[in-house]
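Numbering (UniProt numbering), first residue to last: 1 to 1028.
1. Give the C-beta separation of residue 640 and residue 804 to the nearest angstrom, bearing in mind that I take them to be a contact with Cβ-Cβ under 8 Å.
2. When you compare the region 743 to 755 with the region 915 to 923, are there three or more beta-carbon pairs, one atom per stretch, that lie closer than 8 Å?
3. Determine the direct distance from the alpha carbon of residue 357 to that of residue 99, and round the result to whole angstroms.
4. What residues match up with residue 269 in a beta bridge as DSSP calls it?
5. Can you tell me which of the three DSSP states residue 712 falls into?
6. Determine the closest residue to residue 388 out of 367, 378 and 426, with distance taken between C-alpha atoms.
7. Given a cut-off of 8 Å on the beta-carbon distance, is the pair residue 945 and residue 922 in contact?
8. Short check: CB of residue 906 to CB of residue 900, under 8 Å?
9. With three or more beta-carbon pairs closer than 8 Å as the criterion, would you say the region 574 to 593 touches the region 612 to 620?
10. Find out if the Cβ-Cβ distance for the pair residue 556, residue 580 is shorter than 8 Å.
11. Is the region 156 to 165 close to the region 125 to 139, with three or more CB pairs under 8 Å?
12. Taking the alpha helix (DSSP H) that residue 934 falls in, what are its first and last residues?
13. For residue 680, does the three-state DSSP call read helix, strand or coil?
14. Got a sec: is the Cβ-Cβ distance from residue 877 to anything in chain B below 8 Å?
15. Which of the three DSSP states, helix, strand or coil, is assigned to residue 863?
16. How is residue 129 classed by DSSP in three states: helix, strand or coil?
17. Whose C-alpha, out of 1019, 776, 876 and 239, is nearest the C-alpha of residue 937?
18. Report yes or no: do the region 853 to 871 and the region 953 to 971 share at least 3 C-beta pairs separated by less than 8 Å?
19. Thinking residue 209 and residue 173 are a contact (beta carbons under 8 Å), I'd like their distance in whole angstroms, please.
20. Does the Cβ of residue 334 have 16 or more other Cβ atoms within 10 Å, making it buried, or fewer, making it exposed?
21. Quick check on residue 373: does DSSP put it in helix, strand or coil?
22. Counting C-beta neighbours from all protein chains within 10 Å, is the total for residue 834 16 or more, i.e. buried, or is it exposed?
23. Buried or exposed: residue 318, going by 16 or more other Cβ atoms within 10 Å of its Cβ?
24. Give me the residue from 994, 312 and 902 with the minimum Cα distance to residue 711.
25. So, at 6 Å on beta carbons, what are the nonlocal neighbours of residue 598 in its own chain, with the 5 sequence-adjacent residues on each side left out?
26. Just verifying my parser: in three-state terms, what is the DSSP assignment at residue 608?
27. On the three-state DSSP scale, how would you describe residue 506?
28. Which residues bound the beta strand (DSSP E) around residue 180?
29. Enumerated in chain order, which unbroken segments of the alpha helix (DSSP H) with a length of 4 residues or greater are wholly contained in the region 775 to 807?
30. Span of the alpha helix (DSSP H) holding residue 653?
31. Buried or exposed for residue 506, please, with buried defined as at least 16 other CB atoms from any protein chain shown within 10 angstroms of its CB.
32. To which residues of the same chain is residue 660 closer than 7 Å at the C-beta, ignoring the five residues directly before and after it?
33. Short check: CB of residue 378 to CB of residue 353, under 8 Å?
34. Starting from residue 590 and walking both ways along the alpha helix (DSSP H), at which residues does that stretch end?
35. Need the endpoints of the beta strand (DSSP E) that residue 363 sits in, please.
36. Please classify residue 448 as buried or exposed, where buried requires at least 16 other C-beta atoms within 10 Å of its C-beta.
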């Protein structure tokens, strides 16, 4: 053959044979010269007596042609069965003698037989991992029939393998090269005996074992440690710990300096193990420590992560689900250490379950340009950000000029698409990409990233760009539809195969749905495993809610039905806790020390713990499935528009972002004042109350309870939470999410009950309140009024009728200057209100009053002299809303200013809080401005207010004469803003409880404690002064 012919054969024909052998046979039959070339080369490659081709039998293989077996069977050295039901094909072919030169068989389905083994006596490697059919008798038969067998993999065969009859039989001893017994029942002493045997200790290169504390004594474990040290050729070790009891010290498995791969799962690692066993492994290339417990101090742990990052040989690192880590500073130290050896050799990184921030990802981009696999499950990294990372590492993006612009993404056969850039530090992102481009010459197909929602993002050879949904999951909405193409790859384990099957089902289910995700689903993704309530399911068995006390979910003696306001169907059964069932809650409250669960001088680590919990909760709410889940929960219990529900969830997420990391400890920042002498000082602290009770309404069933609950926990309080019975299912779901991300179990008790029982908990306490009441808005003089009319009219519509007027800051009275009225303000408001519909829930049921009550209230107001109906005032028809609730059109009533000013009864009637889409409108002139201020002075509630004017004198006059806790001022003033960046709370009340900011949290959930310290030295000639 010519050199060109050889290169063509080796580079093209042989890979093709591996992928599609039947086509190669067909081509060989057509072209005799190619046939001779292929066979001659295979004969040359198989000169050692073993085949060089790999045969994969899968679901689509079917029956193999006889021509293939006769021509190429002797050249097949590796066979693998990847799908159940196909093993008969391979067994028949092997039993017929078609594969005499097999070197390796991999099958989680085959069961060995004498006919099968008699035809593969040259076999060296047998992989029965994940096989449920194999047992000790089958392995013993293999050992007796296969004299060359030195590589045996039985991982994850669980209870069926104990080593009887083959591993404990001295006649069956052989120079094992690979012995994988992880997650089997083979006892450690038996493994130790094999490792100590003269035959094995010099040949063993790959060892897997299971430490079971129920059957393996500590003495046996120590003997095993000594035996491992005698294995001088050991290259790879896999250890799994099962049933480790609390209080048992970490077992420091001895390691050989020859190790290049180490895998530890459910293991307890001490500092001694890291220093004396792990770090001396200078040749370590692959390290997996999944679900381990690091039994060491924070300082030692920090040094360990710095060592991992600065290791110049480590190419594969798995840090998934490490337990008992208080915050992400250790992972930050790892990424920072990577920078010291940049470009780092790291290619595979798995950090599932960690809290990953933008700075960490940028550190990884800058230091590790050769990443090929990145696992970001449950880290909060969105699909869009993962797609961008994939594009950077695969050199398939064109970064925009603007920091927050759209990023072009190219992939084979499909041209360009655009994705959103979510990185804030655009300069670092650009520099990191330039470094990757310099290190990688050509775009690569091999990069794979798993995002926080378990979506696989990859480009494989001859495939389009893929975002593959997680098992039963849904594709992220911010990825272009053209990018959503399923990629099914052949995997080598049963678990992986099952994952692919579930992924296919999930993607197909998503494609069948033409309705939006927030309206309907068939299956629930894995990220919602914490949940017991499916808000997307209508009908069926109602969910049973539970009380939560002392870290335990408890049932009550009786239950109360919670109905869907839109159709009257029972969707949940809430515990109807009675007085006799309050004892566990009272005992839990009594057990809390007065100094709180933590304070500035006690249990300081809990400040960082709640910083981590906040970050992980915020990351969870970025996952589309979880975000939509809570939005739908809100919509089911308090129907409002989908946009409004999402905004409420986003408000909670922004709040949690604001109090992540060290922000929680900053809440406890104190003040110091110097004394009169050296050594004299006074310090002021923010101190928790200890045991607290939080009672919340149904309005904003997620935002109000979460913001107040988290604020109380940040400051060190224990909270007994009682939510409105209408909406308590939302907070039960939230408590379950908190527990799933590592929040302490005993810090919060959740009580489901009626108002009467809840009041008993708060009877003897000191109360703070966050009232709502009537909220007003003044439209003052504006210079360019026509230009502002549409915007102001829409703001008035949103403030009065969004959430059907049930917001605690809903606009109840509108004082409009006569210029606004003459410009057509009321007509504009009527036009906007007419666009609201029950179909999209921009108008919905009122949960506090019935329709009859609301219509009677409107009639009473219209009886006032000069009052008239501007629009609305009618009940909605043709609906299925339960009768107990109210459902009317958005309504505006005009009442003359004179009636509100001179008639106390009229003011009391019009200022009555209805939590309904009803607002009072009136107008005033410049001369009536003092009357307007008198009306506001006579109002009882002072939560929120709005002032729209560009006249500084009017602005100062109104602000100086009013006391509302939160007042929105300016031409863009709106009462419907979420409290993500400002205090929201009532004014004029010493009991006022605000939320949303650090000041609100400190004033509501802590008190000032002063500690005066005096260490002034006492003079030696001190004499007692006369009594004062």
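Heads up, the beta-carbon is just placed ideally off N, CA and C, and yes, glycines get one too.
This structure is a prediction, so every number in the text was calculated from the model and none was measured.
Put simply:
1. Taking the first residue of the chain shown as 1, we reach residue 640 at position 640. Taking the first residue of the chain shown as 1, we reach residue 804 at position 804. The pair is a contact, with the Cβ atoms about 7 Å apart (cut-off 8 Å).
2. no
3. Start at 1 with the first residue of the chain shown, and residue 99 comes out as number 99. Start at 1 with the first residue of the chain shown, and residue 357 comes out as number 357. Their backbone Cα atoms lie some 53 Å apart in a straight line.
4. The residue labelled residue 269 in the question sits at position 269 within the chain shown. DSSP lists 294 as partners of residue 269.
5. Indexing the chain shown from 1 puts residue 712 at position 712. If DSSP states are grouped into helix, strand and coil, residue 712 belongs with the helices.
6. By one-based count along the chain shown, residue 388 stands at place 388. Out of 367, 378 and 426, 426 has the C-alpha closest to the C-alpha of residue 388.
7. Translated into the one-based positions of the chain shown, residue 945 becomes position 945. Translated into the one-based positions of the chain shown, residue 922 becomes position 922. The answer is no: Cβ separation not under 8 Å.
8. Numbered from 1 along the chain shown, position 906 holds the residue referred to as residue 906. Numbered from 1 along the chain shown, position 900 holds the residue referred to as residue 900. Yes. Within cutoff.
9. no
10. Along the chain shown, one-based indexing puts residue 556 at 556. Along the chain shown, one-based indexing puts residue 580 at 580. Contact: no.
11. yes
12. Numbered from its first residue, the chain shown carries residue 934 at position 934. That run of the alpha helix (DSSP H) goes 929 to 937.
13. Residue 680 sits at position 680 when you count from the first residue of the chain shown. Residue 680: strand per DSSP, three-state reduction.
14. Here chain B cannot be found, since the structure has a single protein chain.
15. Along the chain shown, read from residue 1 onward, the residue named residue 863 stands at position 863. Note: residue 863 maps to coil in three-state DSSP.
16. In the chain shown, residue 129 corresponds to position 129, counting from 1. Three-state result, residue 129: coil.
17. Taking the first residue of the chain shown as position 1, residue 937 is located at position 937. Checked all of 1019, 776, 876 and 239; the closest Cα to residue 937 is 776.
18. no
19. Indexing the chain shown from 1 puts residue 209 at position 209. Indexing the chain shown from 1 puts residue 173 at position 173. Their Cβ separation, rounded to whole angstroms, is 17 Å, which puts residue 209 and residue 173 out of contact at 8 Å.
20. Numbered from its first residue, the chain shown carries residue 334 at position 334. Answer is buried; the Cβ neighbour count reaches 16.
21. Translated into positions along the chain shown, residue 373 becomes position 373. It is a strand residue.
22. Your numbering for residue 834 matches position 834 in the chain shown. The residue in question, residue 834, is exposed, as its Cβ has fewer than 16 Cβ neighbours within 10 Å.
23. Translated into positions along the chain shown, residue 318 becomes position 318. Residue 318 should be labelled buried.
24. Counting from 1 along the chain shown, the entry for residue 711 is found at position 711. Nearest C-alpha to residue 711: 994.
25. Here residue 598 corresponds to residue number 598 of the chain shown, with the count starting at 1. Excluding residues within five positions, the ones whose Cβ falls inside 6 Å are 606 and 716.
26. If you number the chain shown from 1, residue 608 lands on position 608. Reduced to three states, the DSSP call for residue 608 is helix.
27. Residue 506 sits at position 506 when you count from the first residue of the chain shown. Confidence is the limiting factor: at residue 506 the pLDDT is only 43, short of 50, which leaves the residue's position unreliable, though a coordinate-based value still follows. The answer is helix: DSSP assigns residue 506 an H, G or I state.
28. Translated into the one-based positions of the chain shown, residue 180 becomes position 180. Residues 178 to 180.
29. 785 to 801
30. Looking up residue 653 in the chain shown gives position 653. From DSSP, the alpha helix (DSSP H) with residue 653 extends over 642 to 658.
31. Against the chain shown, residue 506 aligns to sequence position 506. Unreliable placement is indicated for residue 506, whose pLDDT of 43 sits below 50; the coordinate value is still reported in the next sentence. Answer is buried; the Cβ neighbour count reaches 16.
32. As a working note, residue 660 is residue 660 in the chain shown. So the list reads 611, 614, 615 and 618, once near-sequence residues are dropped.
33. Translated into positions along the chain shown, residue 378 becomes position 378. Translated into positions along the chain shown, residue 353 becomes position 353. Yes, these two residues count as a Cβ contact at 8 Å.
34. The count along the chain shown starts at 1 and reaches residue 590 at position 590. Residues 583 to 590.
35. Residue numbering aside, residue 363 sits at position 363 when the chain shown is read from its first letter. Note, residue 363: premise wrong, no beta strand (DSSP E); alpha helix (DSSP H) at 358 to 367.
36. Translated into positions along the chain shown, residue 448 becomes position 448. Result: buried.
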